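Those letters in the sequence shown? Residues 1 to 169, per UniProt numbering, in order.
Backbone N, C-alpha and C define an ideal beta-carbon position, used for all residues, glycine too.
None of the values given here were measured: they were computed from a predicted structure.
Presented below is the structure to which this report refers.
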Amino acid sequence: MTTLTLVQGDITAQHVDAIVNAANSSLLGGGGVDGAIHRRGGPEILDACRSLRASRYGKGLRTGQAVATTAGRLDARWVIHTVGPVWSAAEDRSGLLASCYRESLRVADELGARTVAFPAISTGVYRWPMEDAARIAVETVRTADTAVEEVRFVLFDEPAYAAFTAQID
Ligand code: AR6
């Protein structure tokens, strides 16, 4: 049984086995939660991402996929980088958003991570509406076949926290 917990705050301050990053396919950093993770985690994470680009991910990480690196100076053992879909009103990309959560948990299982913190993937720069993103996130984690014991959603602001709370209650 996986326990779902909700926290309002900064994901880079969490003490967990793995912190999930809402990255982009370049794996070379960006703004939002990605920028915060690299800033607080230090250059070791970017070095590891560059190595991945030079080896297995020459063309970048595809949307909906996930890959792990060191967590550098963060209070975690790993960062799991995943690439959320950009919101589209014209096309249903919810399968790709669900895949981010499922693939991140699959990678967490491979690593032996027991506690995993997720941000609200795709809800910032990628503009996914928060209520819908919260529904997909909670549904996917609830139905995932994983040995992870705690999934912690770390929501940056009150509207995000409220949207996730509405899905859990
Ligand atoms: N802790 C927790 N949540 C945060 C934090 C934080 N420190 N900072 C922001 N958020 P975003 P995306 C929330 O834009 O939409 C990057 O440039 C934020 O309020 O970080 O998946 C990447 O490199 C929002 O609810 O990720 C990509 O290019 C959520 O995290 C692109 O943005 C996700 O917002 C990915 O866009």
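- Put simply, of 91, 98, 81, 83 the residue whose alpha carbon is nearest the alpha carbon of residue 133 is 98.
- As computed with DSSP, residue 21 is found in a beta bridge with 81.
- Between residue 146 and residue 96, the gap from beta carbon to beta carbon reaches 7 Å or more.
- Relative to residue 121, the option among 51, 165, 81, 5 whose CA is nearest is 81.
- Taking every protein chain shown into account, the CB of residue 93 has 16 or more other CB atoms within 10 angstroms, so this residue is buried.
- In this structure, the straight-line span from the alpha carbon of residue 71 to that of residue 101 is close to 19 Å.
- A heavy atom of the ligand AR6 is found nearer than 6 Å to the CB of residue 154.
- Residue range 3-8 is occupied by the beta strand (DSSP E) that includes residue 8.
- For residue 69, the enclosing beta strand (DSSP E) covers residues 66-70.
- Residues of the same chain with a CB within less than 8 Å of the CB of residue 87, apart from the 5 flanking positions on each side, are 93, 122, 126, 127, 128, 129 in chain order.
- For residue 153, the enclosing beta strand (DSSP E) covers residues 150-155.
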